[in-house]
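Protein sequences, first through last, are from chains A and B. Numbering-wise, the working numbering puts 380 at position 89 of the first sequence, and it's gapless, one number per residue. Numbering-wise, the working numbering puts 199 at position 194 of the second sequence, and it's gapless, one number per residue. In what follows, a structure is listed as structure tokens, so that the remarks can point back to it.
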Amino acid sequence: MTSVALQQGRVRTGFRESRALLLTLLAALVLLVSLVALGLGATGVPLSRTLSIVTDAVMGRTALGGDGLIILQVRLPRLLLGLLIGAALAASGALMQGLFRNPLADPGLIGVSAGAALAAATTIVLGDALLAPLIGPLPFTALPVGAFTGGLLTTLALYVVATRSGRTSIATMLLAGVAFGALSGAVMGLFSYVSDDRQLRDLSFWSLGSLSGATWTKTMTVAPFILLTLLAMPFLARGLNALALGEAEAFHLGVPVQRVKALAILLVAVAVGASVAASGMIGFVGIVVPHVLRLMAGADHRMLLPASALLGAALLVTADTVARTMVAPAELPIGILTAAIGAPFFLWLLLRRPGGMAL
Amino acid sequence: MSALLEATDLAYHSGGRVLVDGVDLAFAGGSFTIIIGPNGAGKSTLLRLLCGELAPARGAVRWNGETLHAIPAWRLAHRRAVMPQASDLNFPFTVFEVASLGTEGIGRGLSRSDRQRLAFEALEQADVAHLAPRNYQTLSGGERQRVHFARVLAQLAAGRTLESQQALFLDEPIASLDLKHQLALLNTARGLARQGLAVIAVLHDLQLASGLADELVLLHRGSLVTRGTPDAVLTPATLANVFGIALNADALPASPWSLVRAQEHSAA
Chain A
292 MTSVALQQGR VRTGFRESRA LLLTLLAALV LLVSLVALGL GATGVPLSRT LSIVTDAVMG
352 RTALGGDGLI ILQVRLPRLL LGLLIGAALA ASGALMQGLF RNPLADPGLI GVSAGAALAA
412 ATTIVLGDAL LAPLIGPLPF TALPVGAFTG GLLTTLALYV VATRSGRTSI ATMLLAGVAF
472 GALSGAVMGL FSYVSDDRQL RDLSFWSLGS LSGATWTKTM TVAPFILLTL LAMPFLARGL
532 NALALGEAEA FHLGVPVQRV KALAILLVAV AVGASVAASG MIGFVGIVVP HVLRLMAGAD
592 HRMLLPASAL LGAALLVTAD TVARTMVAPA ELPIGILTAA IGAPFFLWLL LRRPGGMAL
Chain B
6 MSALLEATDL AYHSGGRVLV DGVDLAFAGG SFTIIIGPNG AGKSTLLRLL CGELAPARGA
66 VRWNGETLHA IPAWRLAHRR AVMPQASDLN FPFTVFEVAS LGTEGIGRGL SRSDRQRLAF
126 EALEQADVAH LAPRNYQTLS GGERQRVHFA RVLAQLAAGR TLESQQALFL DEPIASLDLK
186 HQLALLNTAR GLARQGLAVI AVLHDLQLAS GLADELVLLH RGSLVTRGTP DAVLTPATLA
246 NVFGIALNAD ALPASPWSLV RAQEHSAA
């Protein structure tokens with residue numbers, strides 16, 4: 292009995308301590324990469340100077356040189372946008388994987404990315420060709436607003452298709468999402484076929500994703516959407532844990548399954564919709580980050596969701612820092628980097644699992 | 006004895022096929038009922054109707070007179086636990102975490118350490134406490150089944166803080182267990198019935214069922230054939246009619262269960 296009690300004690304405290312430690316380490320990592328990201332770039336700023344500029348600004352002092360402007364007006368909004376989007380994509384990935392009970396699920400599965408992409412392509416090509424002659428050049432907000440709306444509408448449509456008599460079939464939603472993705476791919480192909488050179492360039496740049504358009508306005512517009520959804524996600528953690536056993540089992544455990552499903556889909560649609568609208572399509576963050584964390588710290592969503600948000604934020608900021616310094620003064624689209632790092636890493640994950648991966 | 010759970014004219018269809026048709030049944034607390042019948046008789050469907058997972062196409066299930074479907078999921082989860090046939094996990098949850106799912110969000114006035122204690126005690130009861138830190142995905146089929154048994158035991162223990170009358174549903178709970186753990190699990194289930202729970206299980210092994218159950222419910226093609234004590238249900242005539250086997254129930258070879266029971270008796 293004593294040995295059992297001892298073991299019980301060890302199991303308990305072991306869990307709690309390792310989780311607190313992991314979250315602390317991840318938060319420290321976010322802070323570290325953020326400071327590095329602020330300092331690095333076409334104009335290098337030493338760490339001490341970066342720190343004093345940021346603390347000055349926070350204290351409300353405005354004694355700024357050129358480097359102060361670069362950091363506060365260019366790099367800081369971009370850093371914050373990167374943190375927000377990285378956190379949104381990774382946490383949404385964890386949420387989707389929990390909902391689909393599948394470690395390979397991607398936030399795009401519910402159609403939000405494809406819908407946003409289609410709306411963006413429509414805005415870029417048709418808006419430019421049809422509307423611009425009538426009302427002059429489209430306002431620069433047309434693209435993100437269109438993408439956000441398109442993403443949400445698509446998810447809503449898929450949700451309606453997959454819901455019969457008050458129950459949403461996750462499998463139907465997935466298959467409808469695949470069908471819609473193919474359709475949207477066809478339409479996008481058609482658009483790039485008929486577009487002119489400039490439109491084509493906009494299209495391909497958008498579909499690869501980039502944080503280069505970051506401004507304070509953009510960051511502050513996106514922030515409430517992402518922060519609110521990130522704050523709401525942990526409330527789904529218990530339901531997602533139970534859902535891992537299956538929908539029937541989750542119901543047996545008292546989870547309001549339909550409400551959890553609807554809320555999870557809504558949160559992901561808003562978070563990913565806002566991210567895609569602000570930065571275009573950035574792949575692989577949503578798959579790789581939760582996966583790594585599950586290997587490190589287990590599958591409990593109460594830990595997985597916040598940890599994914601932190602690691603996603605750190606990863607995307609790192610990728611963005613590389614993207615804008617590697618070929619400076621030009622920039623690589625960040626989607627190229629995340630896919631180039633993410634895809635081989637993902638294959639490696641698959642290969643090192645002895646029994647293969649259960650779908 | 007008043008019925009805790011009552012089904013009236015229960016029917017369920019799926020894809021044009023009638024799976025359960027016009028079943029009337031009542032279950033009392035303190036009784037261990039085993040549902041038997043050939044493959045496709047509708048045993049699992051009946052169990053899923055009784056636990057509130059499926060909505061009946063016709064008829065109703067009542068819990069103390071209250072329609073089961075009017076009871077919210079969280080309250081139902083305090084009143085009954087369900088052990089599924091098989092449950093896969095695609096994520097690396099530990100055994101302790103799986104058992105803890107039974108205590109999270111269930112119960113009143115339970116501290117975090119209370120819940121952990123309940124989960125751990127349930128693991129001990131199901132003889133899987135030594136596996137607590139292990140990844141569930143690396144377990145054998147039998148070990149997984151025992152972990153799920155621990156999960157439902159933990160759920161019942163936590164739910165007891167809010168609801169005094171409870172039910173336990175077991176769907177083929179011993180399919181992949183070795184003999185020792187088959188007996189241990191069924192013994193525990195019987196013990197819960199003795200404590201006042203309504204325990205309802207689907208079981209294929211007629212010998213075990215007849216040795217254990219207070220009452221057998223025999224299903225055939227979605228309909229209730231008969232119910233009653235094992236001796237009354239397992240007659241040569243019903244066995245021939247329902248299972249299509251010519252078997253003399255009196256001549257059933259002694260089951261391991263009856264041997265164990267004999268030992269228990271002589272010890273007592």
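Idealized CB from N, CA, C, for every residue including glycine. Note that the structure is predicted; figures quoted are calculated from it, not measured.
As assigned by DSSP and simplified to three states, the class of residue i
| i | result |
| --- | --- |
| B:Leu211 | helix |
| B:Gly27 | strand |
| A:Phe391 | helix |
| B:Ser92 | coil |
| A:Gly574 | coil |
| B:Phe174 | strand |
| B:Thr234 | coil |
| B:Ala203 | strand |
| B:Ser1 | Shown here, chain B extends from 6 to 273; a query on residue 1 of chain B therefore has no answer. |
| A:Val452 | helix |
| B:Phe101 | helix |
| A:Arg458 | strand |
| B:Ala33 | coil |
| B:Asn44 | coil |
| B:Ala86 | strand |
| B:Leu229 | strand |
| A:Thr609 | helix |
Euclidean distance between Cα positions of residue i and residue j
| i | j | result |
| --- | --- | --- |
| A:Thr413 | A:Pro435 | 12 Å |
| B:Gln268 | B:Thr38 | Note on B:Gln268: pLDDT 49, under 50, position unreliable in the model; the coordinate value appears next. Cα to Cα, the separation comes out at about 24 Å. |
| B:Asp119 | A:Phe471 | 48 Å |
| A:Leu638 | A:Gly377 | 21 Å |
| A:His582 | B:Thr231 | 52 Å |
| A:Ala382 | B:Val157 | 30 Å |
| A:Ser460 | A:Leu534 | 13 Å |
| B:Ile40 | B:Val207 | 5 Å |
| B:His74 | B:Trp68 | 10 Å |
| A:Leu443 | A:Gly468 | 13 Å |
| A:Val365 | A:Gln490 | 26 Å |
| A:Leu372 | A:His592 | 25 Å |
| A:Val451 | A:Val551 | 16 Å |
| A:Pro368 | B:Gln150 | 52 Å |
| B:Ala242 | B:Asn192 | 29 Å |
| B:Ala86 | B:Leu173 | 5 Å |
| B:Asp93 | A:Gly537 | 8 Å |
| A:Ala600 | B:Arg122 | 31 Å |
| A:Arg585 | B:Thr99 | 11 Å |
Host beta strand (DSSP E) of residue i (start-end)
| i | result |
| --- | --- |
| B:Glu278 | Because chain B is modelled from 6 through 273, residue 278 of chain B falls outside the range shown and cannot be assessed. |
| B:Thr13 | Leu10 to Ser19 |
| A:Ala621 | Taken as a continuous stretch (DSSP letters only), A:Ala621 belongs to no beta strand (DSSP E), as it is neither H nor E. |
| B:Val222 | Glu220 to His225 |
Whole-number beta carbon distance between residue j and residue i, since they are thought to touch under 8 Å
| i | j | result |
| --- | --- | --- |
| A:Val608 | A:Ala410 | Between A:Ala410 and A:Val608 the Cβ distance is about 27 Å, and since that is not below 8 Å, they are no contact. |
| B:Gly64 | B:Leu15 | 4 Å |
| A:Ile517 | A:Ala562 | 6 Å |
| A:Leu363 | A:Ala348 | 6 Å |
| B:Thr108 | B:Gln160 | 7 Å |
| B:Phe32 | B:Ala8 | 6 Å |
| A:Gly574 | A:Gly626 | 6 Å |
Bounding residues of the alpha helix (DSSP H) (the contiguous stretch that carries residue i)
| i | result |
| --- | --- |
| A:Thr244 | Nothing in the structure corresponds to residue 244 of chain A, since chain A is present only between 292 and 650. |
| A:Thr508 | Trp507 to Ala523 |
| A:Ile632 | Ile625 to Leu642 |
| B:Gly146 | Gly146 to Gly164 |
| B:Gly64 | Where B:Gly64 is concerned, there is no enclosing alpha helix (DSSP H), although the beta strand (DSSP E) it sits in stretches over Arg63 to Trp68. |
| A:Ile461 | Ile461 to Val485 |
| A:His543 | Glu538 to His543 |
| B:Thr50 | Lys48 to Leu55 |
| A:Phe526 | Per DSSP, A:Phe526 belongs to no alpha helix (DSSP H) and is neither H nor E. |
| B:Ala245 | Unbroken run through B:Ala245: none, as it is neither H nor E. |
| A:Asp591 | Note, A:Asp591: premise wrong, no alpha helix (DSSP H); not H, not E. |
Residue i beta carbon near the ligand NAP (any heavy atom closer than 7 Å)
| i | result |
| --- | --- |
| B:Asp29 | The ligand NAP is not part of the structure shown, which contains no ligands of any sort. |
CB contact below 8 Å: residue i versus chain D
| i | result |
| --- | --- |
| A:Arg529 | Given the protein chain composition of this structure (A and B), no chain D is represented. |
> Mind listing which residues of the stretch 229-243 of chain B have their C-beta closer than 8 Å to chain A's C-betas, in chain order?
Replying inline: Residues: none.
> Taking any Cβ of chain B, which residues in the stretch 534-552 of chain A have a Cβ under 8 Å from it, in chain order?
Replying inline: Listed by position, the residues of the stretch 534-552 of chain A near chain B (Cβ gap below 8 Å) are Ala535, Leu536, Gly537, Ala539, Glu540, Phe542, His543, Leu544, Gly545, Val546, Pro547 and Val548.
> What are the residues of the stretch 574-603 of chain A that lie near chain B, defined by any Cβ-Cβ distance shorter than 8 Å?
Replying inline: Here the close residues are Arg585, Leu586, Gly589, Ala590 and Asp591.
>> At a CB distance below 9 Å, what residues from the stretch 146-161 of chain B approach chain A? Give them in sequence order.
In response: For chain A, the residues of the stretch 146-161 of chain B that bring a beta carbon within less than 9 Å of one of its beta carbons are His153, Arg156, Val157 and Gln160, in chain order.
>> Closer than 8 Å between beta carbons: that is the criterion. Which residues of the stretch 441-467 of chain A meet it against chain B?
In response: Per Cβ criterion, the list is empty.
> If you measure beta-carbon to beta-carbon, which residues of the stretch 378-398 of chain A are closer than 7 Å to chain B?
Replying inline: Correct list: Arg392, Asn393 and Pro394.
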